[in-house]
Amino acid sequence: MLRRRPPFSYLLAILITLGLLVWLALGDFQYFQSEAPATTSATIEPPGVEVSERTSSEYLPTLSVQGQLEAHRNVTLRVNQAGQVMELPVAQGDKITAGDTLLILDSQALPERLAQARDELALAQAELSGAESLRQRQLISQPDLLRLRSAVTRSLADIAELQRQYTDTRPTAPFDGVLDQLSVELGDLLQVGESWGRLIDDRTLLASGWVAQQRAHEISPGLAVDVRLLDGRHLSGELTYVASRADEATRSFQVEAEIDNPQGLRLAGASAELTITLAARQVHVISPALLVLDEEGQLAVKHLDNQNRVQQTQVELVSADAQAARVTGLPSPLRLITLGGGLVDVGERVESVAAESDQEANHAPTD
Numbered sequence: 001m002l003r004r005r006p007p008f009s010y011l012l013a014i015l016i017t018l019g020l021l022v023w024l025a026l027g028d029f030q031y032f033q034s035e036a037p038a039t040t041s042a043t044i045e046p047p048g049v050e051v052s053e054r055t056s057s058e059y060l061p062t063l064s065v066q067g068q069l070e071a072h073r074n075v076t077l078r079v080n081q082a083g084q085v086m087e088l089p090v091a092q093g094d095k096i097t098a099g100d101t102l103l104i105l106d107s108q109a110l111p112e113r114l115a116q117a118r119d120e121l122a123l124a125q126a127e128l129s130g131a132e133s134l135r136q137r138q139l140i141s142q143p144d145l146l147r148l149r150s151a152v153t154r155s156l157a158d159i160a161e162l163q164r165q166y167t168d169t170r171p172t173a174p175f176d177g178v179l180d181q182l183s184v185e186l187g188d189l190l191q192v193g194e195s196w197g198r199l200i201d202d203r204t205l206l207a208s209g210w211v212a213q214q215r216a217h218e219i220s221p222g223l224a225v226d227v228r229l230l231d232g233r234h235l236s237g238e239l240t241y242v243a244s245r246a247d248e249a250t251r252s253f254q255v256e257a258e259i260d261n262p263q264g265l266r267l268a269g270a271s272a273e274l275t276i277t278l279a280a281r282q283v284h285v286i287s288p289a290l291l292v293l294d295e296e297g298q299l300a301v302k303h304l305d306n307q308n309r310v311q312q313t314q315v316e317l318v319s320a321d322a323q324a325a326r327v328t329g330l331p332s333p334l335r336l337i338t339l340g341g342g343l344v345d346v347g348e349r350v351e352s353v354a355a356e357s358d359q360e361a362n363h364a365p366t367d
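Just so you know, we're using the UniProt record's numbering here: the sequence shown kicks off at 1 and counts up by one.
Here's what the structure looks like:
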């Protein structure tokens, strides 16, 4: 049986393929040279950055904390003399002036006892006067004279005690304020130490809050405080107290401020936001995008020195928002790198180009 030959076109394709493989394997050596072509020398230009001339400015940073308002003075009224309530001269919610009588209790014959004590004092004083005359003539002994003087002193003490008891049956307001609570009625029998009302002075409010330990070193008594109420109104005051020791649970420091309340707004017990104005500082205002982290992981800013060499200086962030960051620690005046800072290294000499904002300022018309 005769074997069939493959078509001529198949054989030709195989030969061409083998030829290409041989050529690719051996390469075309006639184009290779033993030496690299000579390179032409070229001058390397220093990289360019955009620079803005800046100077520092004074800034009043603020610190905001959540707080609570309380009346400046808040007193629980208690009974010093037991007795039955006979009169209620004032009502709950009334405005009170210091010295106003707030409550009248049964005096329990104290006026009569007080009158008797005064009569006994008059008698003791008369006896002492006569005894002193007799003593001058040596008609009475010295111990008898001292005994009569003691009787006068005892009568004075009795009068003072009875007067105190009588005064305690008519308690008065210790300061101007509002009778915020009155919890007794006519006829009630009160015992010593029992509470019967509350007097507050809300003409001045006490605002208290807590400051994180990282910021506690920035505050001190005397700083101005702005209080923002929940309805958007504002009151002003002054920081009066900063705790010397942090709270064990929160590691924060308590602060208090006295807030003027000239309109007598009913705010005691309400929540508020306290904004403390800190001491003035010299800051540079820059874009937050220009802040970088140095090798120590601290915030830093790149700028140029007088020789156009790149410098990187650590900064302290005072405040920041989406539009601007305020930092301290930079020299003034400052040649701030605003564009291209990420492409240059510290110590590298660069070509500086004035920022567009500086160019516009330099070409702005003057009056």
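We treat Cβ as the ideally placed atom computed from N, Cα and C, and that holds for glycine.
{"Check": "Is P333 helix, strand or coil by DSSP?", "Outcome": "coil"}
{"Check": "Does any residue of chain D bring its CB to less than 8 Å from the CB of D94?", "Outcome": "No chain D is present in this structure, which holds just one protein chain."}
{"Check": "Among D226, G297, S52, which residue has its Cα nearest to the Cα of I259?", "Outcome": "D226"}
{"Check": "For A207, which beta-bridge partners are listed by DSSP?", "Outcome": "L69, A257"}
{"Check": "Rounding to the nearest angstrom, what Cα-Cα distance links V85 and D176 in this structure?", "Outcome": "23 Å"}
{"Check": "Evaluate N261 with the Cβ neighbour count: other Cβ atoms within 10 Å of its Cβ, from every protein chain shown; 16 or more gives buried, anything less gives exposed.", "Outcome": "buried"}
{"Check": "Quick one: what's D158 bridged to in DSSP?", "Outcome": "Looking at the DSSP assignment, D158 forms no beta bridge with any residue, so it has no partner."}
{"Check": "Below 8 Å, can you find three or more Cβ-Cβ pairs linking the stretch 149 to 169 to the stretch 73 to 84?", "Outcome": "yes"}
{"Check": "So who's on the other strand from A212, going by DSSP bridges?", "Outcome": "S252"}
{"Check": "Kindly identify the DSSP beta-bridge partner or partners of T313.", "Outcome": "V301"}
{"Check": "Take the Cβ of I16 as the centre, count every other Cβ of all protein chains shown within 10 Å, and call the residue buried at 16 or more, exposed below.", "Outcome": "exposed"}
{"Check": "So what does DSSP say about G269, is it helix, strand or coil?", "Outcome": "coil"}
{"Check": "For S107 and G187, what's the separation of their Cα atoms in angstroms?", "Outcome": "13 Å"}
{"Check": "Out of P174, N74, R154, R215, point me to the one whose CA is closest to E120's CA.", "Outcome": "R154"}
{"Check": "Return the first residue and the last residue of the alpha helix (DSSP H) that D119 is part of.", "Outcome": "110 to 136"}
{"Check": "Label A212 either buried or exposed according to how many other C-beta atoms from any shown protein chain fall within 10 Å of its C-beta, with 16 as the threshold for buried.", "Outcome": "exposed"}
{"Check": "Decide if the stretch 336 to 354 is in contact with the stretch 318 to 327; the criterion is three or more beta carbon pairs, one per stretch, under 8 Å apart.", "Outcome": "no"}
{"Check": "What do you get for G232, buried or exposed, if any count of 16 or more other CB atoms within 10 angstroms of its CB means buried?", "Outcome": "exposed"}
{"Check": "So I286 and V301 are in contact, right, with Cβ under 8 Å, and what is the actual spacing, rounded?", "Outcome": "7 Å"}
{"Check": "Could you have a look at I16 and say whether DSSP puts it in helix, strand or coil?", "Outcome": "helix"}
{"Check": "Return the first residue and the last residue of the beta strand (DSSP E) that V350 is part of.", "Outcome": "Run containing V350: none; DSSP gives neither H nor E here."}
{"Check": "With DSSP collapsed to three states, give me the class of D247.", "Outcome": "coil"}
{"Check": "State the DSSP-derived secondary structure class of A289, mapped to helix, strand or coil.", "Outcome": "helix"}
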